[in-house]
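Peer 1:
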Amino acid sequence: MNDLLIAFILGIVEGLAEFLPISSTGHLILVGHLLGFEDERSKTFEIVIQLGAILAISILYRKRLVSLFNIKPILKKEKKFNAIHIILGVFPAVIAGLLLHDVIKNYLFRPNTVVIGLVAGAILMIIAEKKKLKPASYSLDDLTYRQALTIGLFQCLSVYPGFSRAGATISGGLLARASYKTASEFSFLIAIPIMIGATGLDLLKSWNYLSTSDIPMFAVGFVTSFVVAMLAVVTFLRILEKLGLTPFAYYRMVLAIVFTIFVLL
């Protein structure tokens, strides 16, 4: 298949899946397997298109990101979303990622392990939906430090490919009594430092696999991921408020079953 077409398809997959609770890493591995795009270059390509998704969320939430540099609410102990929330939401996953990075990359980035992650993440999402309590936080400014840390701890589950960072954090948010909107927006925001750190580390390690001849392919994937992610985030928030996590959980299970039957068996 033409490289540019592969880039376009995978850019769409990344843009749609990165901030939805369906696992972008899992989908990229599965779709890459189906397209026969699984060499070292593919790993570098996935890193580049993730940067497109990061840029999309950074633009959509630029005002919130800028406000994090204001330390007055912290000094005055105001009930306002601030940088400490981000630190608490990011720190646990950073530690888990650093400790397990090589093991994950070397042993878990395979279609069969992704299928396990898809099912496990779906079960957590259904549990979070069923046990959902009345929200105590209806906006980011209502979010407590304890809730931020709880969501951060749930984010550690996403180091397993296929589990889904968004699925883990939004589920954790619901169990911590945050509303759908609050849990989702916090999930988007803590994704930025996590993804920048992870993609930056991977990009440094994969630098030798980059070639000037790959620039058109990488550019198509990056731009496609950016545009699709912008549209996906806005649409997802509307769907989540109406339908909850359950449809996404069932989709994950169906995908795991179909892929197991037609590809792995």
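If you count the sequence shown from 1, position 254 lands on 1206 in my numbering, and the numbers rise without skipping.
Beta carbons are placed, not taken as given, at the ideal position from N, Cα and C, and that holds for glycine.
Remember, predicted model here, so these are calculated numbers, not experimental data.
Would you give the residue range spanned by the alpha helix (DSSP H) that ALA1080 belongs to?
Peer 2: Element bounds for ALA1080: 1063–1082.
Peer 1: Less than 8 angstroms separating the beta-carbons of GLY1149 and ALA1120?
Peer 2: For GLY1149 and ALA1120, no; Cβs fall outside 8 angstroms.
Peer 1: How would you call ASN1034, buried or exposed, if buried means at least 16 neighbouring beta carbons within 10 angstroms?
Peer 2: Answer is buried; the Cβ neighbour count reaches 16.
Peer 1: Nearest to GLY1124 by alpha carbon, out of ASP1166, LYS1133, GLY1114 and LEU1105?
Peer 2: Residue LEU1105 is the option with its Cα nearest to GLY1124.
Peer 1: Would you call the stretch 999–1012 and the stretch 966–981 touching, i.e. three or more CB-CB distances under 8 angstroms?
Peer 2: Enough Cβ pairs lie closer than 8 angstroms, so yes.
Peer 1: Under 8 angstroms: do the stretch 1089–1098 and the stretch 1043–1057 share three or more Cβ pairs, one atom per stretch?
Peer 2: At 8 angstroms Cβ cutoff, the stretches do not touch.
Peer 1: Determine the direct distance from the alpha carbon of GLY1196 to that of PHE1061, and round the result to whole angstroms.
Peer 2: Their Cα atoms are separated by approximately 29 angstroms.
Peer 1: Identify the residues that DSSP records as bridge partners of SER1089: which are they?
Peer 2: Partner(s): ALA1130.
Peer 1: Counting only the same chain and skipping the five closest in sequence on each side, list residues whose C-beta sits under 6 angstroms from that of PHE1174.
Peer 2: Excluding positions up to five away in sequence, the list reads VAL1000, ILE1001 and GLY1004.
Peer 1: Taking C-alpha atoms, which residue in VAL1206, THR1198, LEU956 and GLY963 lies nearest to LYS1084?
Peer 2: Per the Cα distances, THR1198.
Peer 1: Rounded to whole angstroms, what's the CA-CA distance from GLY1049 to CYS1108? Just pull it up for me.
Peer 2: Taking the straight line joining both Cα atoms gives about 8 angstroms.
Peer 1: Going by the CB atoms, is the gap between LEU1040 and ARG1204 shorter than 8 angstroms?
Peer 2: The answer is no: Cβ separation not under 8 angstroms.
Peer 1: Check for me: the alpha helix (DSSP H) holding TYR1203 runs from which residue to which?
Peer 2: Residues 1198–1211.
Peer 1: Drop a sphere of 10 angstroms on the beta-carbon of PRO1063, count the other beta-carbons inside from all chains shown, and report buried for 16 or more, exposed for fewer.
Peer 2: Result: buried.
Peer 1: Under 8 angstroms between the Cβ atoms of PHE1200 and ILE981?
Peer 2: Not a contact, by the Cβ cut-off of 8 angstroms.
Peer 1: For GLY1114, count neighbouring C-beta atoms within 10 Å of its own C-beta (all shown protein chains included) and say buried if the count is 16 or more, exposed if not.
Peer 2: Label assigned to GLY1114: buried.
Peer 1: Looking at the C-beta of LEU968, does it have a partner C-beta in chain B at a distance below 8 angstroms?
Peer 2: This model lacks chain B altogether, as it is built from one protein chain only.
Peer 1: Around the C-beta of THR1164, are 16 or more other C-beta atoms found within 10 angstroms, so that it is buried, or is it exposed?
Peer 2: Exposed: under 16 other Cβ atoms inside 10 Å.
Peer 1: Is there contact between the stretch 1087–1096 and the stretch 1126–1143, where contact requires at least three CB pairs shorter than 8 angstroms?
Peer 2: In short, these stretches touch, since the Cβ pair count reaches three.
Peer 1: Give me the residue from LEU1127, LEU1020 and ALA1080 with the minimum Cα distance to ASP1093.
Peer 2: Answer by Cα proximity: LEU1020.
Peer 1: Give every residue of the same chain whose Cβ lies closer than 7 angstroms to the Cβ of MET1147, excluding the five residues on either side of it in the sequence, and list them in chain order.
Peer 2: Closer than 7 angstroms at Cβ, skipping near neighbours: GLN1002 and ILE1006.
Peer 1: Per DSSP, what kind of secondary structure is GLU966 in: helix, strand or coil?
Peer 2: Here GLU966 sits in helix by DSSP.
Peer 1: Check this for me: beta carbons of LEU1052 and VAL1111, under 8 angstroms apart or not?
Peer 2: For LEU1052 and VAL1111, yes; Cβs fall inside 8 angstroms.
Peer 1: Would you check if the distance between the CB atom of VAL1215 and the CB atom of HIS985 is smaller than 8 angstroms?
Peer 2: Result yes, Cβ atoms of VAL1215 and HIS985 sit closer than 8 angstroms.
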